[in-house]
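The structure under discussion appears below in the form of structure tokens.
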Amino acid sequence: MAERQGLRAESCHFTLQGAPFRILGGSIHYFRVPRAYWRDRLLKMRACGINTLSTYVPWNLHEPEKGLFNFKDHLDLEAFICLAEELGLWVILRPGPYICAEWDLGGLPSWLLRDKDMKLRTTYSGFISAVNSYFDKLMRRVARLQFSNGGPIIAVQVENEYGSYFKDDSYMKYIKEALMSRGITELLLTSDNREGLRCGGVDGGPIIASLTSALYIIT
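According to this note's numbering, the stretch in the sequence shown is residues 43 to 261, in order.
Below, the structure written as structure tokens:
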């Protein structure tokens, strides 16, 4: 069987399976929509001509207490992604660990702050230990749903808008490697506003600049 050629960032466009591909995307956050309405909302996205959805993954809901994980019911991310596939939608996954999303602490669990020395979004040992534990649980659930494995996930975002926060030269490299070492093989991208582009990217990944309401790929 021929290897599936995933999403690629060319000089002025994306390709999927080697052919030009236009992302007609929209965001829908599964954790903000009652599960009973998932299908209805995704069908409405399709009716609008959308071919790709993006969703954040809120760490603080999936691990509300240290070591206590929840991927059930309205937090069943795998079921949401599989439903998207069933309805003909591609998926761009945005797992953070920081997501912003106008969400409490940007999706970081508040129990992290019990460590009086905690340095969020850095390579501080207490933070990366917690991220590693969370990613161990999360990535084993989503890696199998990547395009290369026959699934709908065509890209994964590394962190979120780190260029606006930038405190650690090694942090974005760590997050990128944390994803790849857990089986993430699809296109990795970052997202920043114009002022944050200098510090928010990762080597080898396209940078997505959020300029007002538009997204541009910077190669």
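No residue lacks a Cβ here, since even glycine has one placed at the ideal position from N, Cα and C.
Source: prediction; values computed, not measured.
Where are the beta strand (DSSP E) runs, 3 residues long or more, that stay fully inside the region 180–221, in chain order? You should have 195–199.
Are P194 and I141 closer than 9 angstroms when you measure CB to CB? no
Given this structure, state the Cα-to-Cα distance separating G109 from I170, to the nearest angstrom. 14 angstroms
Which of helix, strand or coil DSSP assigns to W101: helix
For the putative contact between V200 and L230, defined by C-beta atoms under 8 angstroms, what is the C-beta separation to the nearest angstrom? Taking 8 angstroms as the upper bound for CB-CB distance, V200 and L230 are in contact here, some 5 angstroms apart.
Below 8 angstroms on the Cβ atoms is my guess for P76 versus P106; work out the distance and round it to an integer in Å. 19 angstroms between Cβ atoms; not a contact.
Option nearest T227 by Cα separation, candidates F208, Y79, C54 and M181: M181
Could you pull out every residue in the same chain whose Cβ sits closer than 8 angstroms to the Cβ of L131, ignoring the five residues on either side in sequence? Short of 8 angstroms from the beta carbon of L131, and not among the five residues preceding or following it, lie these beta carbons of its own chain, in chain order: L84, M87, R88, I92, N93, T94, L95 and P194.
8 angstroms Cβ shell around Q47 - same chain, five flanking residues per side excluded: T57, L58, Q59 and G60
H116 versus L125: straight-line alpha-carbon distance, rounded: Going from the Cα of H116 to the Cα of L125 covers about 13 angstroms.
With DSSP as the reference, please indicate the residues paired to T57 in a beta bridge. R50 and P62
For R8, which beta-bridge partners are listed by DSSP? Not covered by the structure: residue 8. The range shown for the chain is 43 to 261.
Can you tell which of R50, S190 and F122 has the C-alpha that lies nearest to the C-alpha of T97? F122
Assuming L147 and N202 are in contact, meaning their beta carbons sit under 8 angstroms apart, how far apart are those beta carbons, in whole angstroms? Not confirmed; about 13 angstroms, so no contact.
Start and end of the alpha helix (DSSP H) containing K108? K108 -> no alpha helix (DSSP H), and no H or E assigned at all.
Rounded to whole angstroms, what is the Cα-Cα separation between L49 and A197? 7 angstroms
Could you check whether Y204 and T232 sit closer than 9 angstroms to each other, using their CB atoms as the reference points? Yes.
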